[in-house]
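Residue numbers (the numbering used here): 18 to 317.
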C-alpha cells in the first residue's frame, strides 16, 4: 500500500477511553493558558518601546514558537478527546510532523541564542549594544528559522516513499517522525539516518553549546570580586536557565519513561508525551512575565 492511501489512528489514554473528556480537561486548560500567556508576551514586546533589546526579540521568537507548537498539537488532541475522531490521513500526519519538529528546533535554537546573549551581556557588557545590534539579531533569528526548516523538510518528503499498512495505530495523540518510521513496511534506513542527523544537529548540538555557554558564564562570573556584581550577573541569566530546564527536563523524563516503564504504565507514558510538548509553552510565559516585572522594577 502507498503512503498516500494510509490512515493513522491516534492513541489517547489506554484504559481510560470512557473518561477521555474528564482526563483531557487539565491538558486542554494547559493549552488555553499557554496560548493566552504567549499572546500576552508578544503583545507586551510589540507595544513596549523599552523592550527592543536582543533578549526580548529572542523571547518574542520563543513565545511565537510556543504558539506554533500549541497550534500543531492542540487540534488533534481536541478531535481525539472531545470528538472521538482518531483517524488522521497521511498528508495531515506528515504536515504535523514537520511543524511539531520545526517549532521544537526553533525553540531550541532560540534558547541557544539567549545563552549567547547572556554570555555577551556578562563578559562584554560595555560593547553589548555594538555586538548584538538589531541587524545581527535579525540575522541570528533568520538563521534559526532557516535551519529548522532545512533540517525538517527531508523527513516528511522521505516518508512519502515508504509503504504503510492501510491503517496503523500511533503511539500518541499526534504524529512524530520516529513513530511513523517504526510503522513502515519498507526499508527505513535512510529515514532513520535523516532523523538521527536532524536531531543531532539541532537538539543535541544546541544542548551542548548551551552547557558550554553556561560554563563560560560561570568562569566569567568567578572573576568578579564584588558580591553585588556577582549576584547581578547571575540574576541576568536565571530566567533563561529556568526556561532551558523547562524545555529539556520533560524530554529527559519522557526518554527515561519510554525505556523503563512505557509498557507497564502506558497511560502514564501518553500523559508524559503530552506534557512533553505542553509544559514548555505553559511555563515559559510564567518565567517571562516575571522577567518583565523585574525589568520594569529596575527601570523604575
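For each residue, glycine too, the CB sits at the ideal point set by N, CA and C.
Helix, strand or coil for residue i per DSSP?
i	result
residue 24	strand
residue 93	helix
residue 124	helix
residue 141	coil
residue 290	helix
residue 32	coil
residue 149	coil
residue 129	helix
residue 164	helix
residue 314	In this predicted model, residue 314 has a pLDDT of only 49, less than 50, meaning its place in the structure is not dependable; the value taken from the coordinates is given anyway. In the structure shown, residue 314 sits in a helix (DSSP, three-state: H, G or I).
residue 303	helix
residue 155	helix
residue 81	helix
residue 262	helix
residue 68	coil
residue 87	helix
Once the 5 residues before and after residue i are set aside, which same chain residues still bring their CB inside 8 Å of it?
i	result
residue 125	219, 220, 223, 224 and 264
residue 251	238
Per DSSP, residue i forms a beta bridge with which residues?
i	result
residue 104	26
Could you pull out every residue in the same chain whose Cβ sits closer than 6 Å to the Cβ of residue i, ignoring the five residues on either side in sequence?
i	result
residue 156	none
residue 215	168
residue 54	302
residue 193	none
residue 102	96
residue 185	25 and 200
residue 203	179 and 180
residue 44	291
Provide the residue span of the alpha helix (DSSP H) that contains residue i, from first to last.
i	result
residue 64	37–64
By Cβ distance, which residues of its chain are closer than 7 Å to residue i, with the 5 residues on each side in sequence left out?
i	result
residue 317	Interpretation of residue 317 is limited by its pLDDT of 46, a score under 50 that renders its predicted location unreliable; the figure taken from the coordinates is listed afterwards. The answer is none, since no qualifying residue turns up.
residue 332	Given a span of 18 to 317 for the chain in the structure shown, any question on residue 332 remains unanswerable.
residue 314	In this prediction, residue 314 scores a pLDDT of 49, lower than 50, which makes its location untrustworthy; the coordinate-derived value is nonetheless stated afterwards. No residues qualify anywhere along the chain.
residue 154	71 and 74
residue 119	165, 166 and 169
(message) Report the start-end ranges of each beta strand (DSSP E) in the stretch 168–245 that is 3 residues or longer and not cut off at the edges.
(response) 184–186
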